[in-house]
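One structure is given below, encoded as C-alpha cells.
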Amino acid sequence: MKLTLATLSILALSAAIGRTEHANAFQKKHMAEDHDLDNFDEVVFFKLHDLNHDGHLDEKELMAMYGLERDIDLESRHIKAIINRAFQDMDTNGDRMISLQEYLAVQMPDWSPQEAREDARLEAEAKERERERLERIAKEHAPHRGLYQQAGDHVAKGRIPSKYSL
Numbered sequence: 001m002k003l004t005l006a007t008l009s010i011l012a013l014s015a016a017i018g019r020t021e022h023a024n025a026f027q028k029k030h031m032a033e034d035h036d037l038d039n040f041d042e043v044v045f046f047k048l049h050d051l052n053h054d055g056h057l058d059e060k061e062l063m064a065m066y067g068l069e070r071d072i073d074l075e076s077r078h079i080k081a082i083i084n085r086a087f088q089d090m091d092t093n094g095d096r097m098i099s100l101q102e103y104l105a106v107q108m109p110d111w112s113p114q115e116a117r118e119d120a121r122l123e124a125e126a127k128e129r130e131r132e133r134l135e136r137i138a139k140e141h142a143p144h145r146g147l148y149q150q151a152g153d154h155v156a157k158g159r160i161p162s163k164y165s166l
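In this text, residue positions in the sequence shown follow UniProt numbering: the first is 1, and each later residue adds one.
Next up, the structure:
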C-alpha cells in the first residue's frame, strides 16, 4: 500500500508540531485504514507497533508504523526529518528508542480542570452505585440469614467428621 500525500502531511504535521490532537488524528486514520480498528487507546497503539515486543519503538518500527518502508526512498531528507522529529518530540532520554512511558507522556495530555471534575463526579457516582448494589444484595439475602445460621448450627452439632473439622 502506498503512503498517500495526505497521510504524509498528517504525519509531518504531527511530528513537526508534536501536539496530541494531530497525533491522535494520525492514529485514528492509521488504525482505521491499516488495521481496521476504530476503538483503541494509546497503549494498544504503542504495543501493536512495538513489533519486536521490547517495550520500545525504534527507527525501524517508526518507519513501519508510518508505512515509510513502502515504495518511498528511505534516504530522503523528508523521511529522515519525520523520524528525527518523532525522536526529538518523544525520546526524552536520547537513546533513539521511544519507551511506552515516553510515548504516553506526549500522547496523553493533562486533564483540564473541567475534565478532572467530571472524572471525580463519575467516580463518585460509580462508588455510590456499588454501595447501593451491595445494600440491595444484603436486603435480598436478609430473610435467608436465619436459615444460613440454622444450617450452620446443624452442621456444627457434630455433623462434620472430626478429620474435616478445623
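Note that CB positions come from ideal geometry on N, CA and C, so glycine has one too.
Segment limits, alpha helix (DSSP H) that includes residue i
| i | result |
| --- | --- |
| Lys47 | Glu42 to His49 |
| Leu100 | Leu100 to Gln107 |
Residue i (DSSP reduced to helix, strand or coil)
| i | result |
| --- | --- |
| Leu122 | helix |
| Leu134 | helix |
| His144 | helix |
| Ser9 | With a pLDDT of only 44 at Ser9, under the threshold of 50, the placement of this residue in the model should not be trusted; the figure read from the coordinates follows. Three-state DSSP puts Ser9 in a helix. |
| His56 | strand |
| Met97 | coil |
| Asn24 | helix |
| Lys163 | helix |
| residue 181 | Only positions 1 to 166 of the chain appear in this structure, which leaves residue 181 out of reach. |
| residue 178 | Residue 178 lies beyond the range of the chain shown here (1 to 166); nothing can be said about it. |
Residue i, buried or exposed, once every other Cβ within 10 Å from all chains shown has been counted against 16
| i | result |
| --- | --- |
| His141 | exposed |
| Ala86 | buried |
| Ile137 | exposed |
Cβ-Cβ separation, residue j to residue i (assumed contact under 8 Å), whole Å
| i | j | result |
| --- | --- | --- |
| Met90 | Ile82 | No, Met90 and Ile82 are not in contact; Cβ-Cβ is about 13 Å, not under 8 Å. |
| Ala32 | Leu51 | Their Cβ separation, rounded to whole angstroms, is 20 Å, which puts Ala32 and Leu51 out of contact at 8 Å. |
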